[in-house]
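Just so we're aligned: the sequence shown equals residues -25 to -1, 1 to 584 in mature numbering (1 follows the signal peptide of the UniProt record, and there is no 0). Note that beta-carbon positions come from the ideal geometry of N, C-alpha and C, so glycine has one too.
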Amino acid sequence: MIKARELIWLRWLPFLCVLCGSVYSSKRPNILFIMVDDMGWNDVSYHGSDQIITPNLDTLATQSVILQQYYSEAICTPARTALLTGKYPMRLGMHGMPLYNSEDRGIPITEQLFPEYLKKLGYSTHLVGKWHLGMSRRQFLPLSRGYDSHYGTRGGFVDYYTHHKVEGWPNGRQFFGLDFFDDDIPQNEEDRYIVDALTDRAIKIIQNHNESRPLFLHLAHTAPHAGNEGGLLQPPLFSTVRNRHIAHSDRRLYAEMVTHLDTHIGKVVRALANKGILEDTIIVFVSDNGAPTVGQFNNWGVNLPFRGKKQTPWEGAVRVPAFIWHSSFKPKVWDGLMHITDWMPTLLAAAGGEIGTGIDGVNQWNSICGDGESKRNDVLIAIEDSATNVYAAYRAGDYKIIVGNVSGLSNGYYGSDLLRLKESPPDYFPSLRSSDVAKVFEKLGLQLDYDQVLAMRKASVIRQLDGVRDLIPCEPTPTRGCLYNVRQDPSESHNLWSRGTKIAALLTSRLRALWSMQQRRGPLALDARSDPANFDYTWVPWLNDTMPGDTNNTNSGTNITANNIDAGILENTYLVNKSDLDTRTVASVVGCDRATGFRNLLCLIKTVI
Ligand SMILES: [Ca+2]
């Protein structure tokens, strides 16, 4: 007797032949790329927790290739840079702190972005949601970077209802205004909950899509990122509360945001099915970075069993939920090493395109399609050269090193109290069965198989086998780094630095080569001319476009030096140097803080080896 699982593969067999193996033969697949914001490893139920049930995501994930060893960047702007360029952000001066709305920076305009490659292959390209890759000049905006349309927000976060961004400068000054656009048109009248507004637009794009072209729909939800300070948690107001079983009230509010997001992702999948294009659509789901469980703009998301949180070099910052679905895939939990930069070459390969050398991403398509090994042996996890911290993290094979200075960061384990329940959560499998995605699958002939779903779920759980989290954790200092076997010790609890000197030296040497490619960040300045009060309280580009190489646009493919940054600040009183405003104490980095690039690395490495 043919099982339901096999039935759906038979039904979708033509696409299996098209996509896997020969990569692409006749019709390019549609791509729905869903990126959510600041969702932690422990905030989806397919990773094993019954606390926040995510039935639509779990139904999709358990029929997908779940990416168990997937690394993103530690924070918003670098993650989105890596996704769209296929390059480590530090090579473009886009690493570290995310962009302020009032900064004159963006991905260098000399870079060809992922949607531009797809357009050349005939794709219709749409960004729905968050950009966060530059907005001071029109040339930095999505419509100048390969997207046919953009509906959403240009900065890092907004209020879920007013869609205003309040930007607090380190000197206490506040700029505020609308950051929600339909292409160039400010959406002043829009007052829907942002998840609903973005979902409706995504559905409309699918409904109106002309199938003579393949579709690239980049759905970059702003949820569950915190809103503005003073309104961090913004669940939907009028929906049924589904997480009363969660003991901690803030975690409960966060769960309502995640549940709502999950429901609306289900609606988008249903729209693909209604249009009749689901079978030929690749669906990717990722979070851009780990949750900020504590600290500024915290959202009460949880990264456990991983250590740390967003914007740290620890696994909690960069190991995020990620899976890829296509009707032709045999579900599996793939433990090959993968990095966010791999999406561009991987999905271009699926689309029948290719990309030349010069990027850091590698094409993982055949490995994901089949049962192959990862094409990647290592990942540059972080290079930070802020005024307060200089550190780097790098993984090769199963080992990871962190060198530098992480003092003042969140280096512990966060959120175990948030996981408490005060009553029983909803039953897991019935929740999945009643989800939109499960109903869509049923209509297409796939009945969820209880044993198969639970087997996938069990296989996607990551546990710290010895349960150790409470040792005095290693923190790299200017005189000593940390080394972990993160496959055996995913919680980074057992520092092997002393015992693994040769491994530490080898990884440090490789890190040195990568670090030498670092380009210093663009003008470290906030520009008061951006004040939305000058533009009817709307965040709009306030500078004219420039050509590559123009010294007024120092991030547009040209190297910049500390001298011309400083000169810019002196000549323009409206520019304020962020580090001048920063009230935090500048940590000791043994004199490395003024060095850049390779000199920075040498200075640092000298101190740890
Ligand atoms: Ca983020």
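C-alpha gap between residue i and residue j, whole angstroms
| i | j | result |
| --- | --- | --- |
| Leu482 | Gln162 | 49 Å |
| Leu67 | Leu228 | 37 Å |
| Glu86 | Thr316 | 14 Å |
| Gln271 | Lys397 | 27 Å |
| Phe(-11) | Leu421 | At Phe(-11) the pLDDT is 46, less than 50, meaning the model places this residue with poor confidence; the figure from the coordinates comes in the next sentence. Approximately 16 Å, taken between the alpha carbons. |
| Gly327 | Ser39 | 21 Å |
| Arg485 | Ser491 | 10 Å |
| Leu501 | Gln493 | 22 Å |
| Gln286 | Tyr388 | 14 Å |
| Ser361 | Gly383 | 12 Å |
| Asn386 | Ala297 | 23 Å |
| Gly372 | Met431 | 24 Å |
| Val561 | Thr363 | With a pLDDT of 24 at Val561, under the threshold of 50, the modelled position of that residue is not reliable, and the figure given next carries that caveat. Going by the C-alpha atoms only, they are around 5 Å apart. |
| Leu207 | His125 | 25 Å |
| Ile28 | Lys105 | 25 Å |
| Arg282 | Ser399 | 27 Å |
| Val337 | Ser20 | 29 Å |
| Gly23 | Asn470 | 27 Å |
| Thr34 | Asp346 | 21 Å |
| Ala201 | Phe132 | 7 Å |
| Val141 | Leu108 | 18 Å |
| Leu429 | Val436 | 11 Å |
| Ala357 | Asn380 | 13 Å |
| Gly251 | Arg462 | 41 Å |
| Arg444 | Tyr369 | 21 Å |
| Lys414 | Tyr75 | 42 Å |
| Pro83 | Asp25 | 43 Å |
| Asp13 | Thr476 | 35 Å |
| Phe150 | Asn509 | 10 Å |
| Asn5 | Thr268 | 35 Å |
| Asn528 | Thr521 | Residue confidence for Asn528 is low, a pLDDT of 45 falling below 50, so the modelled location carries little weight; the figure read from the coordinates is stated next. Their Cα atoms are separated by approximately 7 Å. |
| Arg55 | Trp309 | 23 Å |
| Asn538 | Asp263 | Only weak support is given to the placement of Asn538: the predicted model assigns it a pLDDT of 32, under 50, and the question is left unresolved by the model. |
| Trp144 | Ser77 | 9 Å |
| Pro401 | Ile181 | 32 Å |
| Arg395 | Gly265 | 20 Å |
| Cys(-6) | Cys344 | 6 Å |
| Ile535 | Val261 | The predicted model places Ile535 with a pLDDT of 28, which falls under 50 and marks its position as unreliable, so this point remains unresolved. |
Residue i: first and last residue of the uninterrupted beta strand (DSSP E) it sits in
| i | result |
| --- | --- |
| Cys457 | Cys457 to Asn460 |
| Asp353 | Asp353 to Asp360 |
| Thr34 | Careful: Thr34 lies outside any beta strand (DSSP E), inside the alpha helix (DSSP H) at Pro30 to Ala36. |
Beta-ladder partner(s) of residue i, from DSSP
| i | result |
| --- | --- |
| Ser262 | Val11 |
| Met313 | Tyr45 |
| Asn149 | Note that residue 149 is Gln in the sequence shown, not Asn. In DSSP, Gln149 forms a bridge with Gly143. |
| Gly379 | Tyr366 |
| Tyr389 | Bridge partners of Tyr389: none, in fact. |
| Leu396 | Ile221 |
| Ile257 | Ile6 |
| Ile160 | Asp157 |
| Gly127 | Gly104 and Phe156 |
| Phe188 | Per the sequence presented here, residue 188 reads as Arg, with Phe not at that position. Answer by DSSP bridge pairing: none, since Arg188 is not bridged. |
| Val40 | Ile299 and Lys307 |
| Thr513 | Leu153 |
| Thr349 | Checking the sequence, you will find Ser at residue 349 rather than Thr. DSSP output for Ser349 lists no bridge partner at all. |
| Tyr374 | Ala371 and Asn460 |
Presumed contact (8 Å Cβ cut-off) between residue i and residue j, rounded CB distance
| i | j | result |
| --- | --- | --- |
| Pro451 | Val354 | About 18 Å separates the two Cβ atoms, so there is no contact after all. |
| Arg3 | Leu102 | Wrong, their Cβ atoms sit about 19 Å apart, outside the cutoff. |
| Val243 | Ala198 | Not confirmed; about 14 Å, so no contact. |
| His139 | Asp157 | Their Cβ separation, rounded to whole angstroms, is 16 Å, which puts His139 and Asp157 out of contact at 8 Å. |
| Trp517 | Ser111 | 6 Å |
| Gln114 | Leu312 | Rounded, the Cβ-Cβ distance is 35 Å, inconsistent with contact. |
| Arg408 | Leu419 | Incorrect: roughly 15 Å between the Cβ atoms, too far for contact. |
| Gly15 | Val277 | 5 Å |
| Pro73 | Thr52 | 4 Å |
Continuous alpha helix (DSSP H) stretch holding residue i: start and end
| i | result |
| --- | --- |
| Lys242 | Ser224 to Lys250 |
| residue 593 | Here the chain comprises residues numbered -25 to 584, so residue 593 is not present and cannot be evaluated. |
| Trp300 | Counting along the chain, Trp300 falls outside any alpha helix (DSSP H), though it belongs to the beta strand (DSSP E) covering Ala297 to Trp300. |
| Thr268 | Run containing Thr268: none; DSSP gives neither H nor E here. |
| Trp172 | The amino acid occupying residue 172 in the given sequence is Ala; Trp does not appear at that position. Ile169 to Asn183 is the span of the alpha helix (DSSP H), which, as asked, contains Ala172. |
| Val415 | Asp411 to Lys418 |
| Leu323 | Trp318 to Ala325 |
| Met431 | Tyr425 to Ala434 |
| Ser484 | Thr476 to Trp490 |
| Ala201 | Note, Ala201: premise wrong, no alpha helix (DSSP H); not H, not E. |
| Pro453 | Premise fails: Pro453 is in no alpha helix (DSSP H) and is neither H nor E. |
| Cys51 | Cys51 to Thr60 |
Mind listing which residues have their beta carbon within less than 5 Å of any non-hydrogen atom of ligand 1? Chain order is fine.
Those residues are Asp12, Asp13, Cys51, Asp263 and Asn264, given in chain order.
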